[in-house]
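> Handing you this structure, nothing more for now.
2 protein chains.
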Amino acid sequence: MNNKNNQYFSKTLEKGLIILDLFDRDHQHRGLTEISRLTGINKTSTYRFVNTLVQLGYLRKSVNDKSIRLGPKAFVLGHHFFHGFDIFQSVKPIIDKTFFDQKISIDSALLHGHTLISLYRREMPNLIYFRLPVIMDELYARAMGKAVLANLDPKELSAILKNVHITKLTPNTLPSKQKIRKDIELTRNRGYSINNEEYVEGLICIGAPVTNYREKTIVGAVSLDFPTSEYSLDMIRKNYPGVLTKLASEVSEAVTSADI
Amino acid sequence: MNNKNNQYFSKTLEKGLIILDLFDRDHQHRGLTEISRLTGINKTSTYRFVNTLVQLGYLRKSVNDKSIRLGPKAFVLGHHFFHGFDIFQSVKPIIDKTFFDQKISIDSALLHGHTLISLYRREMPNLIYFRLPVIMDELYARAMGKAVLANLDPKELSAILKNVHITKLTPNTLPSKQKIRKDIELTRNRGYSINNEEYVEGLICIGAPVTNYREKTIVGAVSLDFPTSEYSLDMIRKNYPGVLTKLASEVSEAVTSADI
DNA sequence: GAACGGTATTACGAATATAGTAATACTTTT
DNA sequence: AAAAGTATTACTATATTCGTAATACCGTTC
Chain A
8 MNNKNNQYFS KTLEKGLIIL DLFDRDHQHR GLTEISRLTG INKTSTYRFV
58 NTLVQLGYLR KSVNDKSIRL GPKAFVLGHH FFHGFDIFQS VKPIIDKTFF
108 DQKISIDSAL LHGHTLISLY RREMPNLIYF RLPVIMDELY ARAMGKAVLA
158 NLDPKELSAI LKNVHITKLT PNTLPSKQKI RKDIELTRNR GYSINNEEYV
208 EGLICIGAPV TNYREKTIVG AVSLDFPTSE YSLDMIRKNY PGVLTKLASE
258 VSEAVTSADI
Chain B
8 MNNKNNQYFS KTLEKGLIIL DLFDRDHQHR GLTEISRLTG INKTSTYRFV
58 NTLVQLGYLR KSVNDKSIRL GPKAFVLGHH FFHGFDIFQS VKPIIDKTFF
108 DQKISIDSAL LHGHTLISLY RREMPNLIYF RLPVIMDELY ARAMGKAVLA
158 NLDPKELSAI LKNVHITKLT PNTLPSKQKI RKDIELTRNR GYSINNEEYV
208 EGLICIGAPV TNYREKTIVG AVSLDFPTSE YSLDMIRKNY PGVLTKLASE
258 VSEAVTSADI
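In the order they appear, the protein sequences are chains A and B. At position 111 of the first sequence the residue is numbered 118 (this note's numbering), and the sequence of numbers has no breaks. At position 57 of the second sequence the residue is numbered 64 (this note's numbering), and the sequence of numbers has no breaks.
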């Protein structure tokens with residue numbers, strides 16, 4: 008918080024970005040008052056920022072109802088951010104290769120603060136469909152999340168667990184912090200994490216952390232995802248941990264040299 | 008310009024976005040001085056903005072050489088902008104359908120100021136590969152560009168042509184403004200535009216404008232793209248104008264109701 | 001068609017964030 | 001070890017933003 012109060016932090020820019028951040032697939036248009044309310048920015052300032060963003064083409068305003076949507080410039084920026092993200096560029100080919108070699112679904116994510124950010128994903132056609140969120144809070148319910156948690160240092164782990172609010176996503180979702188801690192213990196000993204239909208029914212995943220070798224910090228995770236219709240947990244445990252750890256170490260190499 | 012000087016325009020936000028806009032596939036990292044020079048923002052302010060963007064996670068700074076790259080938050084924003092852009096969402100299924108029905112490569116773009124912004128594209132495997140730019144200035148050398156130019160009102164057309172700097176991309180690229188005007192005339196009479204290997208060798212495209220029916224303005228274009236190895240101009244002219252104009256009118260419907 | 005409730009937009013003085021110069025710290029090169 | 005480059009910090013005048021409040025606009029209801 009201290010950081011944000013100093014002279015070398017631009018509150019104005021922060022507010023503008025908070026406004027842009029309100030728009031996504033589930034919120035394709037919003038009103039001015041709504042934006043003001045959601046961001047806590049007063050109406051005049053909201054008006055100024057929205058006006059600015061509209062003039063620059065990042066947002067556009069309906070002539071009829073004045074509702075606000077993303078503009079073409081935002082679309083361009085989206086493209087650029089996607090293709091200009093070096094970590095994505097260096098991790099993608101590794102995952103593609105493993106995908107073609109092994110013919111299994113693969114997911115990857117970056118740790119940012121206390122959330123996982125979806126990085127790149129390849130899916131086999133057999134995988135049940137579920138719309139993956141870009142930002143993931145429920146670390147405790149996913150293979151990648153548990154892989155990260157199990158390898159964080161105890162202080163950080165406690166900090167995350169303290170703020171956790173458990174949502175029972177499936178019958179198998181770990182129901183308490185105690186169970187989560189126990190599972191994390193198991194994960195640590197096992198060397199990789201297991202998500203046995205805890206996030207979506209019909210889906211078993213195993214996950215491993217991605218490490219910045221130079222800084223010795225956990226920066227993300229990868230997972231292999233299997234439909235229960237074709238794979239059993241036993242099969243997976245017998246055949247895939249090797250693939251997973253190899254993938255994790257290759258990705259770790261890549262992000263280490265990307266200077267994450 | 009007047010607009011940008013009033014009280015309801017935030018110069019600070021504009022500058023922050025100009026900085027973010029410097030990062031793309033071809034510019035994955037930049038230095039502070041470089042950013043300051045490119046944007047014309049003085050070094051202290053550049054420092055403040057970059058610092059802000061780093062703290063918010065939109066940029067990240069290498070510990071070693073202090074070089075600046077996109078951060079995870081930018082990647083998320085990219086995702087959101089891409090999937091939250093309603094025009095993309097409404098145009099995509101139309102193009103997908105035509106693609107499956109006709110088995111030909113299709114491209115679409117939005118007009119923003121004097122440039123075309125790549126919206127959505129489907130390619131047949133037979134198409135020669137060329138990396139498409141997200142932003143396109145060379146309207147005169149592409150089917151979509153000429154389709155737009157031919158349907159703009161004369162004043163706007165002249166404004167665009169005045170600033171045009173012709174680059175001879177292939178032997179067939181229209182070499183002068185006079186030839187461009189003549190071709191635009193032909194395009195208008197014909198009802199659709201033809202790009203006969205003027206942009207890339209081996210590629211013939213036909214294009215038609217996308218119109219906002221309510222506002223009666225040109226808002227973009229669509230094109231059908233054919234490799235010369237399998238299609239001749241004659242074949243294309245005989246068989247595909249109908250497909251093209253149908254597609255264009257469907258897309259126009261969609262963007263009209265999207266209230267572009 | 002007047003009044004109402006909601007939203008967006010404008011006006012303006014007070015509050016404060018930013019600009020810009022210049023000095024310092026830190027790196028890399030020679 | 002000096003030089004040339006880059007990044008970071010200090011400091012105050014100035015321009016920008018804040019925030020209240022007034023006004024305009026739009027659609028709905030009575």
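Think of the CB as a built atom: it goes at the ideal place given N, C-alpha and C, for glycine as much as any other residue.
What did DSSP end up calling Met8 of chain A once you bin it into helix, strand or coil?
Low local confidence applies: a pLDDT of 40 at Met8 of chain A is under 50, so the model's placement there is unreliable, with the coordinate-based value given in what follows. Looking at Met8 of chain A - three-state DSSP - the assignment turns out to be coil, as it is neither helix nor strand.
> Which chain B residues are close to Leu77 of chain A, counting only those with a beta carbon under 8 Å from its beta carbon?
Going along chain B in sequence order, the residues near Leu77 of chain A (Cβ under 8 Å) are Phe88, Gly91, Phe92 and Asp93.
> Per the DSSP calculation, Met242 of chain A is bridged to which residue(s)?
The partner list for Met242 of chain A (beta bridge, DSSP) is empty, contrary to what the question assumes.
> Under the three-state reduction of DSSP, which class applies to Gly227 of chain B: helix, strand or coil?
Strand, per DSSP.
> Does DSSP put His121 of chain B in a helix, a strand or coil?
Three-state DSSP puts His121 of chain B in coil, outside helix and strand.
> Residues in its own chain within less than 7 Å of Gln109 of chain B by CB, not counting five upstream and five downstream?
The residues are Val250.
> Here's a check: name, in chain order, each residue in its chain whose Cβ is nearer than 6 Å to the Cβ of Leu27 of chain A, leaving out the five neighbours to either side.
No residues qualify anywhere along the chain.
> What whole-angstrom Cβ distance do Ala255 of chain B and Pro216 of chain B have, given they're in contact under 8 Å?
About 7 Å separates the two Cβ atoms, so the contact holds.
> Skipping 5 residues on each side, what residues in its chain have a beta carbon closer than 7 Å to that of Glu21 of chain B?
Once the five neighbours on either side are set aside, Glu21 of chain B has no close Cβ partner at all.
> Helix, strand or coil: which one does DSSP assign to Val98 of chain A?
Correct three-state label for Val98 of chain A: helix.
> Start and end of the beta strand (DSSP E) containing Thr46 of chain A?
Unbroken run through Thr46 of chain A is the alpha helix (DSSP H), Leu39 to Thr46; no beta strand (DSSP E).
> Looking at the secondary structure, which residues open and close the beta strand (DSSP E) in which Arg76 of chain A lies?
Where Arg76 of chain A is concerned, the enclosing beta strand (DSSP E) stretches over Ile75 to Leu77.
> Take Ile135 of chain B as the anchor and find which of B:Ala265, B:Ser236 and B:Asp241 has the nearest alpha-carbon.
Per the Cα distances, B:Ser236.
> Measuring straight from C-alpha to C-alpha, what distance separates Thr252 of chain B and Val70 of chain A?
For Thr252 of chain B and Val70 of chain A, the distance between alpha carbons rounds to 27 Å.
> Can you list the residues of chain A that Tyr65 of chain B reaches, using a CB-CB cut of under 8 Å?
In chain order: Leu24.
> Per DSSP, what are the beta-bridge partners of His36 of chain B in this structure?
Its beta-bridge partners are B:Arg76.
> Compute the Euclidean distance between the alpha carbons of Glu208 of chain A and Thr177 of chain A, then round it to the nearest angstrom.
Distance between the alpha carbons of Glu208 of chain A and Thr177 of chain A is about 6 Å.
> Taking DSSP's pairing of strands, which residues face Ser200 of chain B in a bridge?
Ser200 of chain B pairs with B:Gly214.
> Could you check which residue in A:Asn203, A:Tyr127 and A:Pro132 has the C-alpha nearest to that of Lys153 of chain A?
Checking every option, the nearest Cα to that of Lys153 of chain A belongs to A:Asn203.
> For Arg55 of chain A, report the span of its alpha helix (DSSP H) as first-last.
Its alpha helix (DSSP H) spans residues Lys50 to Leu63.
> Could you pull the DSSP bridge partners for Leu66 of chain A from this structure?
Paired residues: A:Leu77.
> Under three-state DSSP, which class holds Phe88 of chain A?
Phe88 of chain A falls in the helix class under three-state DSSP.
> Would you report the Cα separation of Arg55 of chain A and Arg76 of chain A, rounded to the nearest angstrom?
Going from the Cα of Arg55 of chain A to the Cα of Arg76 of chain A covers about 16 Å.
> List, in chain order, every chain A residue whose beta-carbon is nearer than 7 Å to that of Asn58 of chain B.
Here the neighbours are Tyr15 and Phe16.
> If you draw a straight line from the C-alpha of Val83 of chain A to the C-alpha of Gly64 of chain A, how long is it?
Straight-line Cα distance between these residues: approximately 10 Å.
> Hey, could you find the ends of the alpha helix (DSSP H) Ala255 of chain B is sitting in?
Looking at the DSSP string, the run of the alpha helix (DSSP H) that includes Ala255 of chain B is Pro248 to Ser264.
> Could you give the distance in angstroms between the alpha-carbon of Ile285 of chain B and the alpha-carbon of Leu168 of chain A?
Outside the modelled stretch of chain B, which goes from 8 to 267, sits residue 285 of chain B, for which no answer is possible.
> Taking a cut of 8 Å between CB atoms, which residues from the stretch 130–154 of chain A lie near chain B?
Answer in chain order: Val141 and Ile142.
> Using only the alpha-carbon positions, how far apart do Asn9 of chain B and Ser52 of chain B sit?
The predicted position of Asn9 of chain B is uncertain, since its pLDDT is 48 and thus under 50; a value taken from the coordinates is nonetheless stated next. Taking the straight line from one Cα to the other gives about 24 Å.
> Mind checking Tyr220 of chain A: buried by the 16 CB within 10 Å criterion, or exposed?
Exposed, by the Cβ-count rule.
> Hey, could you find the ends of the alpha helix (DSSP H) Met5 of chain B is sitting in?
Lying outside 8 to 267, the shown extent of chain B, residue 5 of chain B is not represented and no answer is given.
> Does any residue of chain A bring its CB to less than 7 Å from the CB of Val83 of chain B?
Yes, Val83 of chain B counts as interfacial toward chain A.
> Can you find a C-beta in chain B that's less than 7 Å from the C-beta of Thr252 of chain A?
Thr252 of chain A does not count as touching chain B.
> Lys80 of chain B touches chain A at which residues, Cβ-Cβ below 9 Å?
Residues of chain A passing the Cβ test: Leu24, Asp28, His119 and Ile124.
> Relative to the C-alpha of Tyr247 of chain A, which candidate in A:Leu45, A:Val229, A:Thr263 and A:Ala261 has its C-alpha closest?
Checked all of A:Leu45, A:Val229, A:Thr263 and A:Ala261; the closest Cα to Tyr247 of chain A is A:Val229.
> What number of angstroms, rounded off, separates the C-alpha of Glu192 of chain A from the C-alpha of Val155 of chain A?
In a straight line, the C-alpha of Glu192 of chain A is about 12 Å away from that of Val155 of chain A.
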